[in-house]
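Right, one structure below, let's go through it.
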Amino acid sequence: MEINQQQLWLCFVFLIQSAVLQAKKIEDVVILADDSYPPYSYIENGQLKGIYVDFIHEASKLIADKYKVSIIAVPWKRALQEIKEGQALAIIPPYQHLKDRSYIWPYSKALMKERVVAFCYSDINLMEYLNMKHTNEERPLIIGINAGYMILSQELVNAINKGIVAISENKSTLSNVLKLHSRRIDCYINDRVSTLWEFSRLSLKKQISFDNIRESMVVMSQTAHIGYTNSEFHNFTYKDDFVERMDNALSQLFTSNEFQLIINRYLLETDE
């Protein structure tokens, strides 16, 4: 069958148009965010907000020619499960647990360094308690953590195994802080800034006093990241390109004036 010049020309135009459309295609990317981790990532009045949320919004503007990024608030344990199953591309803001969360890789550039501490009643010195000899008749110390968080030091894990410490997992920073205030838990372990932010908010809005609670022990320091699914079942063919572009965008954000403005917007708002 002969192909005339007009047919060749139409084929050429079609190929060119297909290439242009492919080049201009913008991928929709969803990042899951912890819905209860103020001031980094949380829901307020039905709106997702927070330091890390705003970081990603700003960085996403720099890659908007290639990716349209949406951030969806999800309970932390459910978000981890979706990443594990390859249903979602990314999650914020996990710490790096390479062995225990092998289903997350790679991690983005560090968003911020967080300091994990134990807040306890003033009559409890957690460090001394962990080093004391205990009898089997003693009630274990109850320590609250956010559900799905991996923030316990080896020293605390050992204490759990000995039965001198019991862990109470609760949905959010708020629920843990309220339980700590009513002494339904003896201590609460979480990021220092997040806990103090909730103390300050409740003190201002609910006139709740936390004068009898103090910072008892530094548990660890960790960096927070965007974590990407490493599941063999994911079909995000653009993953590697997105990771590289997002890291470059974050690097630009971290050297801009907007970086500190975002942090100040949240850390200073409870002082107003």
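Going by UniProt numbering, the first residue of the sequence shown is number 1, and it counts up by one from there. Glycine included, every Cβ here is placed at the ideal spot set by N, Cα and C. Everything numeric in this text was worked out from a predicted model, so none of it was measured.
- The region 187 to 203 and the region 115 to 126 touch, with three or more beta-carbon pairs separated by less than 8 angstroms.
- With fewer than 16 other Cβ atoms inside 10 Å of its own Cβ, T237 counts as exposed.
- Shown here, D247 sits in a helix according to DSSP, grouped into three states.
- Assigned with DSSP and collapsed to three states, Q96 falls in coil, not helix or strand.
- Residue pairing by DSSP puts Y107 in a beta bridge opposite G227.
- For F210, the secondary structure class from DSSP, reduced to helix, strand or coil, is coil.
- Contact annotation: I145 and E169 have beta-carbon atoms nearer than 8 angstroms.
- For I72, the uninterrupted beta strand (DSSP E) run begins and ends at Y67 to V74, by DSSP.
- Residue burial is scored here from C-beta neighbours: M150 has fewer than 16 other C-beta atoms within 10 angstroms and is therefore classed as exposed.
- With contact defined as three or more Cβ pairs closer than 8 angstroms, the region 220 to 230 and the region 169 to 179 are not in contact.
- Between T173 and Y37, the C-beta spacing is below 8 angstroms.
- Secondary structure at Y188: strand, using DSSP grouped into helix, strand and coil.
- R184 is classed as exposed because its beta carbon has fewer than 16 other beta carbons within 10 Å across all chains shown.
- The Cβ atoms of W76 and D34 sit closer than 8 angstroms to each other.
- Around the CB of S216, 16 or more other CB atoms lie within 10 Å, so the residue is classed as buried.
- Considering only R265, Q154 and L80, the residue with the shortest C-alpha distance to P94 is L80.
- The three-state secondary structure of R115, taken from DSSP, is strand.
- G144 is bridged by DSSP to S168 and Y188.
- In the three-state DSSP reduction, A59 falls in the helix class (H, G or I).
- Secondary structure of I91 (DSSP, three-state): strand.
- The three-state reading of DSSP puts S216 in strand, counting E and B together.
- Pairing P140 with V165 gives a Cβ-Cβ distance under 8 angstroms.
- Contact between L89 and K239 is confirmed by a C-beta separation of about 6 angstroms, below the 8 angstroms threshold.
- Annotated three-state conformation of K49 is strand, per DSSP.
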